[in-house]
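One structure is given here, and the rest of the page talks about it.
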Amino acid sequence: MFVNGKDMLYKAKQEGKAIFQFNINNLEWTKAILEECDRLKAPVILGASCSAVSYMGGYNVVVSLVRSLILDLNIQIDVCLHLDHAKSFESCKKAIDAGFSSVMIDLSTKSFEENIKVTKEVLEYAKSRDVLVEAELGVMGSFSSQVITSSSKTNVIDCIKFIEETNVDTLAASVGSIHGPYKGDLNIDYKLIENIALNTSIPLVLHGGSGLSNEVLKKCVKAGITKININSDLQEVWSKSVRDFIRENKEMIDPRKIIESGIDSLKQEINYKMNINK
Ligand code: G3H
Ligand code: ZN
Numbered sequence: 316m317f318v319n320g321k322d323m324l325y326k327a328k329q330e331g332k333a334i335f336q337f338n339i340n341n342l343e344w345t346k347a348i349l350e351e352c353d354r355l356k357a358p359v360i361l362g363a364s365c366s367a368v369s370y371m372g373g374y375n376v377v378v379s380l381v382r383s384l385i386l387d388l389n390i391q392i393d394v395c396l397h398l399d400h401a402k403s404f405e406s407c408k409k410a411i412d413a414g415f416s417s418v419m420i421d422l423s424t425k426s427f428e429e430n431i432k433v434t435k436e437v438l439e440y441a442k443s444r445d446v447l448v449e450a451e452l453g454v455m456g457s458f459s460s461q462v463i464t465s466s467s468k469t470n471v472i473d474c475i476k477f478i479e480e481t482n483v484d485t486l487a488a489s490v491g492s493i494h495g496p497y498k499g500d501l502n503i504d505y506k507l508i509e510n511i512a513l514n515t516s517i518p519l520v521l522h523g524g525s526g527l528s529n530e531v532l533k534k535c536v537k538a539g540i541t542k543i544n545i546n547s548d549l550q551e552v553w554s555k556s557v558r559d560f561i562r563e564n565k566e567m568i569d570p571r572k573i574i575e576s577g578i579d580s581l582k583q584e585i586n587y588k589m590n591i592n593k
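According to the numbering used here, the sequence shown is numbered sequentially starting from 316.
Here's what the structure looks like:
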């Protein structure tokens, strides 16, 4: 069923489990994620970044794609379609108008006041349309071209104030993880997660879930994280398999076979991550 994710997140929060957001890039990824999560009977959030949305053709294409796959593949699990890291009210509005069931307004690099103001505007628009809203506090770094951009963790007081003033549905607080395929000794601040969770009641989101071991992810959930976002790890395993396939099948020209050659690895990675809920 196509849902806004609220029930799955609160159920998981209550049970001390995680809901994964896996980011989508095209038809094949969306299909693979839905098939694997359905096989595992695990509700899922499909994350589409603004750049992925425009790559796929637009908001309406993405909504139709997800809804049609749910129907034609007879997907039984709950599926939420979430706009990831939107930087403006307008982007959120376009996604909501097209039928996304959840949006993230990410003004973490703007002032606290502006973040509150625009988040409230998005919430007002989303509420009557039964769409969930996620916001972000604190700046997350990212790892690209072997360089880590700087990040700054958030603090408990700001989280409490932000939630009180906006009534936002879920919060991504910067707690030490970074975006991108970085594997290393990340400085996840479990104490900070615990403190935010103890002083708030909405589901908390961990961005930059890639590169973190299942042990670390489990500790984050234990500390109070409910939603875990994964993008780069799926890209990494998929592209490695496709590269190997092309190397071994130099004459292959069928795009379906080339794209498909990475799908098993993608499904295995999803399956592996889901183990944290066992
Ligand atoms: O919003 C998406 C995520 O935070 C994914 O981050 O690419 O490090 O897994 P990641
Ligand atoms: Zn993110």
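Glycine included, every Cβ here is placed at the ideal spot set by N, Cα and C.
With burial defined as no fewer than 16 other Cβ atoms inside 10 Å of the residue's Cβ, what is the status of residue i: buried or exposed?
| i | result |
| --- | --- |
| E429 | exposed |
| M455 | buried |
| V368 | buried |
| L324 | buried |
| K593 | exposed |
| K542 | buried |
| N597 | The structure shown does not extend to residue 597, since the chain spans only 316 to 593, so no value can be given for it. |
| N546 | buried |
| K588 | buried |
| L513 | exposed |
Spatial neighbours of residue i within its chain, please: C-beta separation below 8 angstroms, excluding the five flanking residues on both sides.
| i | result |
| --- | --- |
| M567 | F560, I561, I573 |
| M441 | Reading the sequence as shown, one finds Ala at residue 441 and not Met. Cβ within range, chain order: C407, I411, V418, L447, V448. |
| E509 | A538, G539 |
| L388 | K346, L349, E350, D353 |
| G594 | With the chain covering 316 to 593 only, the question about residue 594 has no answer from this structure. |
Between residue i and the rest of its own chain, which residues show a CB-CB distance below 6 angstroms, the 5 nearest in sequence each way excluded?
| i | result |
| --- | --- |
| L507 | V490 |
| G414 | V378 |
| K498 | G526 |
Got a sec: does the ligand ZN put a non-hydrogen atom nearer than 7 angstroms to the Cβ of residue i?
| i | result |
| --- | --- |
| H522 | yes |
| H299 | Here the chain has residues from 316 to 593 only, and residue 299 is not among them. |
| N544 | yes |
For chain C, is any of its Cβ atoms less than 8 angstroms away from the one on residue i?
| i | result |
| --- | --- |
| M316 | Absent here is chain C; the protein component of the structure consists of one chain. |
Is any heavy atom in the ligand G3H found nearer than 7 angstroms to the beta carbon of residue i?
| i | result |
| --- | --- |
| G320 | no |
| G453 | no |
| N502 | no |
| S547 | yes |
| S459 | no |
| S426 | no |
| G362 | yes |
| S554 | no |
| S525 | yes |
Taking only three categories from DSSP, how would you classify residue i?
| i | result |
| --- | --- |
| L501 | coil |
| D484 | coil |
| K402 | coil |
| N544 | strand |
| S467 | strand |
| Q461 | coil |
| N338 | strand |
| F415 | coil |
| V490 | coil |
| L507 | helix |
| L519 | strand |
| L396 | strand |
Cβ-heavy atom distance between residue i and the ligand GDP below 7 angstroms?
| i | result |
| --- | --- |
| D353 | This structure lacks the ligand GDP; the ligands present are the ligand G3H and the ligand ZN. |
Between residue i and the rest of its own chain, which residues show a CB-CB distance below 7 angstroms, the 5 nearest in sequence each way excluded?
| i | result |
| --- | --- |
| I478 | L486, T515, I517 |
| R571 | none |
| L342 | L380 |
| K435 | T481 |
Could you tell me which whole beta strand (DSSP E) segments of length 3 or greater appear in the region 417-458? Whole beta strand (DSSP E) segments, 3+ residues: 417-420, 447-452.
Where are the alpha helix (DSSP H) runs, 4 residues long or more, that stay fully inside the region 353-378, in chain order? Listed in chain order, they are 365-371.
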